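Going from the sequence shown to our numbering is simple: count from 1 and add 11.
What follows is a set of notes on a single structure, which appears directly below.
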Amino acid sequence: MKALTILISLILILGCIGISGCVDSSNDNTTNANTKTAANEYTVGTSTFQMPDGWIKSDKYTGDLAKFTTGKGENDGATLYVKKFSDINEQDSEYKEFSRSGYGYTVTTITKTVSGIQTKVIKRVYDDPQSIKIDYYFQKNGKYYRITTEVFSKDVDNSLTDEALNKVISTLN
12 MKALTILISL ILILGCIGIS GCVDSSNDNT TNANTKTAAN EYTVGTSTFQ MPDGWIKSDK
72 YTGDLAKFTT GKGENDGATL YVKKFSDINE QDSEYKEFSR SGYGYTVTTI TKTVSGIQTK
132 VIKRVYDDPQ SIKIDYYFQK NGKYYRITTE VFSKDVDNSL TDEALNKVIS TLN
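In structure tokens form, the structure reads like this:
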């Protein structure tokens with residue numbers, strides 16, 4: 012009888028701890044889209060990738076789009092976006108739309124190899140020469156992506172965005 016009382020008490024205590032959220036659930040193997048899964052590893056859509064140190068993920072974007080900043084403010088420093096497209100048609104449609112010059116900016120397009128992957132590059136230079144956006148469109152492992160780097164200040168070292176671009180492309184799976 013005493014053993015049964017102890018067993019019931021133990022079950023009740025463990026049940027209360029579990030209900031109150033005191034049990035560590037960090038070992039849960041499920042991950043939501045666009046969340047950090049390990050040290051500097053993130054997901055976008057169904058793909059994982061790594062970011063170098065020094066980049067801060069914005070929680071504003073989820074699912075098939077991730078945003079990272081250097082943490083210097085909204086219009087200072089650098090921003091990097093990683094987008095996963097559902098298919099090549101969606102990617103091609105956006106590429107065609109973004110590859111046209113518009114009011115307040117000019118567009119240059121080239122093809123460039125980044126981390127061994129062939130990319131179609133769109134560089135947008137705005138009338139305010141402090142702001143430059145570069146889009147990299149590519150396919151890897153049967154999936155379609157765009158990475159956008161955006162620099163808001165001439166004081167930003169381009170090696171910062173180049174390192175992040177190479178790290179993301181080389182680790183995307």
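From the three backbone atoms N, C-alpha and C, an ideal C-beta is built for every residue, glycine too.
Computed from a predicted model, the values in this text were never measured in an experiment.
Candidates Y148, K154, E108 and N152, of which the one nearest T160 by Cα: When only C-alpha atoms are compared, the closest one is Y148.
Counterpart residues of R157 in DSSP-defined beta bridges: Paired residues: K94 and Y148.
Proximity test, Cβ basis, 8 Å: M62 and chain D: Among the chains in the structure shown there is no chain D, since it carries only a single protein chain.
Where I99 falls, given that 16 or more other Cβ within 10 Å makes a residue buried: Per the 10 Å Cβ criterion, exposed.
Range of the contiguous alpha helix (DSSP H) that encloses F109: Boundaries of the alpha helix (DSSP H) around F109: I99 to F109.
Which residues DSSP lists as bridging F60, in chain order: According to DSSP, F60 bridges with Y53.
DSSP-derived helix/strand/coil call for K178: Helix.
Bridge partner(s) assigned by DSSP for L113: It should be pointed out that residue 113 corresponds to Gly in this sequence rather than to Leu. Paired residue(s): Y116.
CB-CB length for S69 against T80, believed under 8 Å: That pair is a contact at about 6 Å.
Reference I128; option with closest CA among T182, F96 and T117: For the options T182, F96 and T117, the alpha carbon positioned closest to that of I128 is the one of T182.
Contact belief for I133 with T122 at Cβ below 8 Å, rounded distance in angstroms: Not really, about 11 Å apart at Cβ, beyond 8 Å.
Euclidean distance between Cα positions of N177 and Y114: Between the alpha carbons of N177 and Y114 lies a gap of roughly 31 Å.
Reduced DSSP secondary structure (H/G/I, E/B, other) of I17: Since pLDDT at I17 reaches only 48, below the 50 mark, its modelled position is unreliable, and no value is offered.
Neighbourhood of Y155 by C-beta distance below 6 Å, restricted to the same chain and skipping five residues each side: These residues qualify, in order along the chain: F96, I99 and Q102.
Own chain residues within Cβ distance below 6 Å of I67, not counting five before or after: Only T80 and G82 meet the Cβ criterion.
Paired residues, beta bridge with T80 - DSSP: BP columns for T80 point to I67 and T90.
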